[in-house]
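Engineer: What follows is a single structure, and I will ask about it in a moment.
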Amino acid sequence: MHSVNNITLKIWRQAGPNAAGHFENHTIESISDEASFLEMLDILNERLIESGQEAVVFDHDCREGICGTCSLMINGQAHGPQRGTATCQLHMRKFESGDTIVIEPWRAAAFPIIKDLMVDRAPLDRIVEAGGFITADTGGAPDANLIPVPKPVADASMDAAECIGCGACVAACPNGAANLFTGAKLTHLNLLPQGQAERFARAETMVETMEEHFGSCTNHGECEAACPKMISIDVIATMNADFAKSKFKNRKKLSRI
Amino acid sequence: MSFTLDSKVPEGPMADKWDNFKENGKLVNPANKRKFKVLVVGTGLAGASAAATLAELGYQVDAFTFHDSPRRAHSIAAQGGINAAKNYKGDGDSVHRLFYDTVKGGDFRSRESNVHRLAQVSVNIIDQMVAQGVPFAREYGGQLDNRSFGGAQVSRTFYARGQTGQQLLLGAYQQLARQIGLGGVTLYNRIELVDVVVIDGRAAGIVVRDLVTGEVSSHSGHAVVLATGGYGNAFFLSTNAMNCNVTAAWRAHRQGAAFANPCYTQIHPTCIPQADDFQSKLTLMSESLRNDGRVWVPKNPDDPRGAAEIPEAERDYYLERIYPSYGNLAPRDIASRAAKRAVDSGAGVGPLKNGVYLDFSAAFERLGQPVVKERYGNLFDMYERITGESPYEMPMRIYPASHYTMGGLWVDYELMTTVPGLYCAGEANFSDHGANRLGASALMQGLADGYFVLPNTISNFLAGWLNKPIPDTSHEAFKQAENTARDRFSRYLSIGGTRSPDHFHRELGKIIWDYCGMERTEEGLEKALSEIPALYDEFNKDLRVTGDGESTNQTLEKAGRVDDFFQLGMLMCKDALERRESCGGHFRAEYQDEDGEAQRDDDNFAHVAAWEWTGDPMAPNRHQEELEYEVVHFQTRSYK
């Protein structure tokens, strides 16, 4: 087992949404490279608490890269340097002794800071509430094998459905746009046969809700690079196509499209 | 006795009980449903599906989650799949067979009627989730694909890559989101339950603490549903998410809800072994890996060679050797204990010799790497991210870890606890898995409870309260509960000791793991029951919580949860001590046969132990619900 030594942490501290924030420096003298990045923060926090200081607030939960709760800008990169990896799955073996690591919250106008490294991502939920579902009340579903879903369709839908809703795409975007998030949900549902009935209504309401809260996409592609699930920017093209169609297709003739 | 354990199992033959209940249960007409408010706490599979369905039916629903969004609950981390008796493979599956496998898998310690209902509605769950757009794996012809799982000889597990839990939770979350958008559900996020309020013997509401502002407030309703997950984090190290806790169930227990079978905890055989002392949690590698992976240790415990250099003849494929008919797919408790024996014998592998190999080289030869990658690619990637080793190049190392808790709040057939109007769904209740849960059954139970059971049973209670006044939050009992909660959180802040809540949690977890983990003995449990109260005293004197109670304070949240884990830990050990037999996940070393297999005592312990809170965590009262088996007859569980 190896250790990483003498790490300087510059951590964003902010007492509340309206308080001024600042960087606070801490030194980690030595830590095993088997430790995860968040375990390093756990160790720091335990040290802070036991020396009478307030622990650094940060969102985290499953630590398996699937719940989407963890965030953190690490050296200016959403979820840190390892591609396709959420902060909770990042390990200290990806860092070198002597490194300075800057840790900030997601920076986006739509995500106000609650405290320290914790932000409010509720606008993402508003987008789903606006149309990110297939209306299927409990009880009336037909047999699951009644509608075949070709494997390539199911696979493409699943590729988009892997989104964990962490908001890294928004944090990485220079415009603070949520197009990758919204495009992923729309692509997941709009590719499936079950999703056709509401396809254009869904595209319209989700995109318009997104635009109420978030910035506009100008095709930088930073979102795809930051996404811990490596969701392809193609989902944005799918979304744009369906949104455009939602404005001119005659929905009475949906079955003819 | 302040409660009676009336299981309210409906009349009739096993296969007709659920239909009989639905035909005879009381209903609330559609126009009256909006007069009832239901509080749903927790928004995992069970909570989200219950809240969404109740709102679809027309009830007013308030949903509560301590997460920032209802999409985060730990249901999301379930990897392998969800069982359903669809028999799409034509391999002889049926509702009866799923029912039978689940009762047997639970080691004859579950309530038959509940399990039968679970198997019945399993088929509806798949239909429902597909209709909602869950992208389950498909065959090339477009039909749903299945795989097999531990404890079953048929292929009945539906899956979405290695992220089945994620896709099912997002499905339920989306139905919930739809209802939030429509105004049927009011969502309260970043809010934690801190007490349950019971007035005149009926659940009147809950007291919650806002995790952003620290404000304590109350909500009243006609019924309260707790869908707040399991208590596996009592062990500190487990595969549960960091924030999983027992607080909601425990606070309900303190208000009169019986806690059943707390000693039934499941240790999952395929987790990544602990790498160091600072480790914050353990990561599960889906049991589905055992479909194609072979478990082995070197025959020579001191073999210095790497896995690849050890020839076939010098490997001990111990599961295939001991359990030839189920082999690597032996149920979880059995596979876990076999791994423990291998490691305890000194044959463990890895730098700390604390694991066994799970080897895919045979699968690579048989299927080719691309097929294996298609099935398990994301799990292999996750393993590599955590350990720095590639399972394509060397076998995985695995070891058992606390994963799921079969015990939980006692509920009757209608999922109501011993407190009228207080329901409990999903992992938080004790109902369907007996002493051991089969793989791919947790998702099934959570969704069964939330989508199909609770929405049908809750009206049977609510119908009796139509147009009757219920106490609102200005009632004295709410004010008193709020003050008690405020005092409790102020106390944590004012102790001013030296150690963090995590320190105490870690120490508590070690005691529970050592003495009430994979193997228990009378002596060990007695020891735990002296050590836990001593550590609890220290917690109450030496705890340090920094920060304040008026803004986000995760240290304070944690203090409250650890406090409840202490009291639960005592009950787990008491329950394990009193259950003088081995069954499922509860293995008492004194009760085993000459081959080291669990020895049940059906004459004396074919019952549910339901514990009553007395005010003293060390002196709870034990009640029994006798289990009667009409259909499945006792047999020694053998997977050989």
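From first to last, the protein sequence lines stand for chains L and S. According to the working numbering, the first sequence is numbered sequentially starting from 451. According to the working numbering, the second sequence is numbered sequentially starting from 519. Glycine included, every Cβ here is placed at the ideal spot set by N, Cα and C. Remember, it's a predicted structure, so these values are computed and weren't measured experimentally.
Can you find a CB in chain L that lies within less than 8 Å of the CB of residue 573 of chain S?
Structural biologist: No, residue 573 of chain S lies away from the interface with chain L (no Cβ there is under 8 Å from its Cβ).
Engineer: Interface residues of chain L around residue 657 of chain S at Cβ under 8 Å?
Structural biologist: Under the 8 Å cutoff, chain L gives 601.
Engineer: Leaving out five residues before and five after residue 757 of chain S in sequence, what residues of the same chain have Cβ atoms less than 8 Å from its Cβ?
Structural biologist: Correct list, in chain order: 595, 750, 786, 789, 799, 800, 801, 802, 919, 920, 921.
Engineer: For residue 900 of chain S, which residues in chain L fall below 8 Å Cβ to Cβ?
Structural biologist: Ordered by position in chain L, the residues that pass the 8 Å Cβ test against residue 900 of chain S are 514, 515, 539.
Engineer: Rounded to a whole number of angstroms, what is the C-alpha to C-alpha distance between residue 574 of chain S and residue 546 of chain S?
Structural biologist: Each residue's Cα considered, the two are about 14 Å apart.
Engineer: Residue 597 of chain S and residue 806 of chain S look like a contact to me (Cβ under 8 Å); what is the Cβ gap, rounded to whole Å?
Structural biologist: Indeed, because the Cβ distance is near 7 Å, the residues count as touching under 8 Å.
Engineer: Name the two residues that bound the continuous beta strand (DSSP E) containing residue 471 of chain L.
Structural biologist: Where residue 471 of chain L is concerned, the enclosing beta strand (DSSP E) stretches over 471-482.
Engineer: Rounding to the nearest angstrom, what Cα-Cα distance links residue 519 of chain S and residue 1014 of chain S in this structure?
Structural biologist: Reliability fails at residue 519 of chain S, whose pLDDT of 49 lies under 50, so the model's placement of it is uncertain and no value is given.
Engineer: Are the C-beta atoms of residue 962 of chain S and some chain L residue less than 8 Å apart?
Structural biologist: So, not an interface residue.
Engineer: Suppose contacts are defined by Cβ-Cβ distances below 8 Å. Is residue 817 of chain S in contact with residue 833 of chain S by that definition?
Structural biologist: Cβ atoms of residue 817 of chain S and residue 833 of chain S: closer than 8 Å.
Engineer: Could you tell me if residue 1037 of chain S is buried or exposed, where buried requires 16 or more neighbouring beta carbons within 10 angstroms of its beta carbon?
Structural biologist: Buried, because 16 or more other Cβ atoms sit within 10 Å of the Cβ of residue 1037 of chain S.
Engineer: When we look at the beta-carbon of residue 541 of chain L and count the other beta-carbons within 10 Å, is it buried (16 or more) or exposed?
Structural biologist: Classification of residue 541 of chain L: buried, given that the 10 Å Cβ count is 16 or more.
Engineer: Alpha carbon to alpha carbon, what distance is there between residue 1065 of chain S and residue 633 of chain S?
Structural biologist: Roughly 47 Å between the two C-alpha positions.
Engineer: How big is the Cα-Cα spacing for residue 1112 of chain S and residue 1073 of chain S?
Structural biologist: Their Cα atoms are separated by approximately 48 Å.
Engineer: For residue 507 of chain L, would you say it is in contact with chain S, using Cβ-to-Cβ distances shorter than 8 Å as the test?
Structural biologist: By this cut-off, residue 507 of chain L is an interface position.
Engineer: What would DSSP say about residue 680 of chain L, mapped onto helix, strand or coil?
Structural biologist: Coil, per DSSP.
Engineer: Just verifying my parser: in three-state terms, what is the DSSP assignment at residue 958 of chain S?
Structural biologist: Coil, per DSSP.
Engineer: Am I right that residue 494 of chain L and residue 507 of chain L are in contact with their C-beta atoms under 8 Å? What's the rounded C-beta distance?
Structural biologist: Actually they are not in contact, since the Cβ atoms of residue 494 of chain L and residue 507 of chain L sit about 12 Å apart, beyond 8 Å.
Engineer: Drop a sphere of 10 angstroms on the beta-carbon of residue 444 of chain L, count the other beta-carbons inside from all chains shown, and report buried for 16 or more, exposed for fewer.
Structural biologist: The structure shown does not extend to residue 444 of chain L, since chain L is modelled only from 451 through 707, so no value can be given for it.
Engineer: Quick check for students: name the residue ranges of the beta strand (DSSP E) that lie wholly in the stretch 649-679 of chain S, counting only runs of 3 or more.
Structural biologist: Segments of the beta strand (DSSP E) lying fully in the stretch 649-679 of chain S: 673-676.
Engineer: What residue range is occupied by the uninterrupted beta strand (DSSP E) comprising residue 1142 of chain S?
Structural biologist: Note, residue 1142 of chain S: beta strand (DSSP E), 1139-1144.
Engineer: Please work out which residues of its chain come closer than 7 Å, Cβ to Cβ, to residue 668 of chain L, disregarding the five sequence neighbours upstream and downstream, and give them in chain order.
Structural biologist: For residue 668 of chain L, where only same-chain residues beyond five positions count, the Cβ hits under 7 Å are 625.
Engineer: Note the first and the last residue of the continuous beta strand (DSSP E) segment covering residue 574 of chain L.
Structural biologist: No beta strand (DSSP E) holds residue 574 of chain L; the alpha helix (DSSP H) holding it covers 572-581.
Engineer: Under 8 Å, Cβ to Cβ, is there at least one residue of chain L near residue 698 of chain S?
Structural biologist: Chain L contact via Cβ: present.
Engineer: With a cut-off of 8 Å, does the C-beta of residue 661 of chain S fall near any C-beta of chain L?
Structural biologist: So, interface residue.
Engineer: Once you ignore the five residues that flank residue 1139 of chain S on each side, which residues in its own chain have a CB closer than 8 Å to its CB?
Structural biologist: Cβ within range, chain order: 519, 1129, 1130, 1132.
Engineer: Which residues mark the beginning and the end of the beta strand (DSSP E) in which residue 585 of chain L is found?
Structural biologist: Run containing residue 585 of chain L: none; DSSP gives neither H nor E here.
Engineer: Under 8 Å, Cβ to Cβ, is there at least one residue of chain L near residue 565 of chain S?
Structural biologist: For residue 565 of chain S, the answer is no, since every Cβ of chain L falls outside 8 Å of its Cβ.
Engineer: Which same chain residues, not among the five before or five after residue 768 of chain S, have their C-beta less than 7 Å away from its C-beta?
Structural biologist: Only 1082, 1085, 1086 meet the Cβ criterion.
Engineer: So which residues of chain L does residue 688 of chain S contact, with C-beta pairs closer than 8 Å?
Structural biologist: Those within 8 Å of residue 688 of chain S in chain L are 611.
Engineer: I need the DSSP call for residue 519 of chain S, collapsed to helix, strand or coil.
Structural biologist: Model confidence at residue 519 of chain S stands at a pLDDT of 49, short of 50, so the residue's coordinates are unreliable and nothing is read from them.
Engineer: Along chain L, which residues have their Cβ under 7 Å away from the Cβ of residue 796 of chain S?
Structural biologist: Neighbours of residue 796 of chain S on chain L, chain order: 485, 489, 493.
Engineer: Under 8 Å between C-beta atoms, does residue 1004 of chain S make it to chain B?
Structural biologist: Protein chains L and S are contained in the structure displayed, whereas chain B is not.
Engineer: Measuring CA to CA, which of L/470, L/556, L/642 is closest to residue 526 of chain L?
Structural biologist: Out of L/470, L/556, L/642, L/556 has the C-alpha closest to the C-alpha of residue 526 of chain L.
Engineer: Throw me the rounded Cβ distance for the residue 900 of chain S and residue 511 of chain L pair, which I believe falls under 8 Å.
Structural biologist: Rounded, the Cβ-Cβ distance is 16 Å, inconsistent with contact.
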